[in-house]
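Residue numbers (my numbering), protein chains in the order written: chain A, 1 to 185; chain B, 1001 to 1154.
This is the structure we're talking about:
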């Protein structure tokens, strides 16, 4: 097999993981595709070192995460600055109600595949300020402190945003908690 | 936030999210990447990004640019002095007449500034310098404020 063929096999092994990381952070398929492409182009430049490295998955995930966050800080902040300036956008603002086509009984009544689709949709509809720390915590397994440092915000804000994100997911997906007294929907 | 509620909420959301698994990447991504790799590999070195040139070519191009800069700045004005000696020197001098003109214009400008500087009182010179510094600081400050506002993570 040539280098290019080996790289293609390598890419097919890891593309779902890289794409998932980017997609969950960016909530935009074209942007996630661009980030995935850039991750693999960078991987190709150092394929000699990566192909036998046991930490290649971690490297790819870290690059995907950093490129996604760079993308968000470049484009979303700029967009939100101008949209706020002209009195628009709530993308980065407070939590807002989402239209969500959940069944009457919530997720409990759905099969596994439908559940996944609905949870992914709910996750993607979260405001970026809640989605990004939530994804970094639950999927990237960063601590609150690491998330605060990465996003350049206070620890308190990270905790509140993650709490609000979880709360929004619970409400939209009508999740029942173990203790029924907390259930509000 | 109620601690007990928060823990239950975290556990419940974790359960849902950990069941998600990986999303399937669109198959065209691999094709796109391979196409870009193929295009880059087929391009000759001089059509690639400068950063990906071989090290010796990077060093050589830097040295060449530096030499060209030095030659244009100082060589052209020296060449003009010999232009009257031979027809060949006159010919070569003609090629660099623009660089020579720029060099002379810079010299004249510097002389004029020197004259102005000497004819002004020290108070005016110091005042102008302070004003220039103030303008520079104002530009820097406005740029910083814009940067903070435009790129702040909120």
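Virtual Cβ for every residue (Gly too), placed ideally from N, Cα, C.
Contact under 8 Å by Cβ, residue i with residue j
| i | j | result |
| --- | --- | --- |
| residue 53 of chain A | residue 21 of chain A | no |
| residue 1103 of chain B | residue 1073 of chain B | yes |
| residue 159 of chain A | residue 144 of chain A | yes |
| residue 1013 of chain B | residue 170 of chain A | yes |
| residue 60 of chain A | residue 118 of chain A | no |
| residue 4 of chain A | residue 124 of chain A | no |
| residue 1003 of chain B | residue 163 of chain A | no |
| residue 57 of chain A | residue 17 of chain A | yes |
Distance, residue j Cα to residue i Cα
| i | j | result |
| --- | --- | --- |
| residue 148 of chain A | residue 135 of chain A | 13 Å |
| residue 19 of chain A | residue 72 of chain A | 15 Å |
| residue 140 of chain A | residue 1063 of chain B | 46 Å |
| residue 152 of chain A | residue 1033 of chain B | 32 Å |
| residue 50 of chain A | residue 43 of chain A | 7 Å |
| residue 41 of chain A | residue 35 of chain A | 10 Å |
| residue 1008 of chain B | residue 1142 of chain B | 48 Å |
| residue 70 of chain A | residue 1097 of chain B | 48 Å |
| residue 1018 of chain B | residue 1024 of chain B | 16 Å |
| residue 1132 of chain B | residue 1118 of chain B | 18 Å |
| residue 168 of chain A | residue 32 of chain A | 23 Å |
| residue 166 of chain A | residue 112 of chain A | 20 Å |
| residue 1056 of chain B | residue 120 of chain A | 50 Å |
| residue 1016 of chain B | residue 1028 of chain B | 29 Å |
| residue 114 of chain A | residue 1020 of chain B | 11 Å |
| residue 1022 of chain B | residue 7 of chain A | 21 Å |
Helix, strand or coil at residue i according to DSSP, with G and I counted as helix
| i | result |
| --- | --- |
| residue 23 of chain A | helix |
| residue 129 of chain A | helix |
| residue 140 of chain A | coil |
| residue 190 of chain A | Because chain A in this structure spans residues 1 to 185, residue 190 of chain A falls outside the shown range and cannot be described. |
| residue 17 of chain A | helix |
| residue 30 of chain A | helix |
| residue 2 of chain A | coil |
| residue 1023 of chain B | coil |
| residue 1014 of chain B | helix |
| residue 53 of chain A | coil |
| residue 98 of chain A | Reliability fails at residue 98 of chain A, whose pLDDT of 46 lies under 50, so the model's placement of it is uncertain and the value that follows must be treated cautiously. Coil, per DSSP. |
| residue 74 of chain A | helix |
| residue 66 of chain A | helix |
| residue 111 of chain A | coil |
| residue 1043 of chain B | coil |
Residue burial classification, residue i (beta-carbon count within 10 angstroms, cutoff 16)
| i | result |
| --- | --- |
| residue 1140 of chain B | exposed |
| residue 127 of chain A | buried |
| residue 14 of chain A | buried |
| residue 1044 of chain B | exposed |
| residue 30 of chain A | exposed |
| residue 122 of chain A | buried |
| residue 1145 of chain B | exposed |
| residue 1030 of chain B | buried |
| residue 38 of chain A | buried |
| residue 1148 of chain B | exposed |
Query raised in the report: Unbroken alpha helix (DSSP H) runs of length 4 or more, entirely within the segment 1053–1136 of chain B: which are they?
Result: 1055–1070, 1076–1081, 1087–1095, 1097–1119
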